[in-house]
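**Q** Using our numbering, the first residue of the sequence shown is number 468, and each one after it goes up by one.
Glycine residues also receive a C-beta, built at the ideal position from the N, C-alpha and C atoms.
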Amino acid sequence: MNSLRVSKFKSSPITGGSLFAREIIEIDDTYVTIRKRKFPYTSLKSKSIPIRNIINIKVSKTGIGTNILIESLSKTIIFGKGFSVSHTSEIRKLLLG
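#1: Is the number of C-beta pairs between the segment 523-531 and the segment 496-513 that are closer than 8 Å three or more?
#2: Using DSSP bridges, identify the partner residues of phenylalanine 476.
#3: How far does the beta strand (DSSP E) with isoleucine 545 in it extend, from its first residue to its last?
#4: In angstroms with no decimal places, state the Cα-to-Cα distance between isoleucine 524 and alanine 488.
#5: In chain order, what residues of the same chain have a beta carbon less than 7 Å from the beta carbon of threonine 497, not counting five sequence neighbours either side?
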């Protein structure tokens, strides 16, 4: 039986994320998904990329926190804002192996 591991990472207002609409990056065995809201009471939007299609991961430091940009073969982009340095290094480690 194959168990599905899911790792979740939440942005924080302390590290530059939104106070009311936190972004969540979920990584399972096959996909990386970001879930975000533009405003607190709007619908939740999500975007997924298969892990095997990821071609580039860029991390940029902003103040205390970091932003992460994940690009795929099909030019799909996941941009996460306001994550801690430890979260982005863990995300990078999970995605690159």
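**A** The structure says:
#1: By the Cβ criterion, the segment 523-531 is not in contact with the segment 496-513, since fewer than three pairs of Cβ atoms, one from each stretch, lie closer than 8 Å.
#2: Ile492.
#3: It spans 544-550 - the beta strand (DSSP E) in which isoleucine 545 sits, taken as one unbroken run.
#4: Cα to Cα, the separation comes out at about 23 Å.
#5: Within the same chain, threonine 497 has close Cβ partners Pro517, Ile518.
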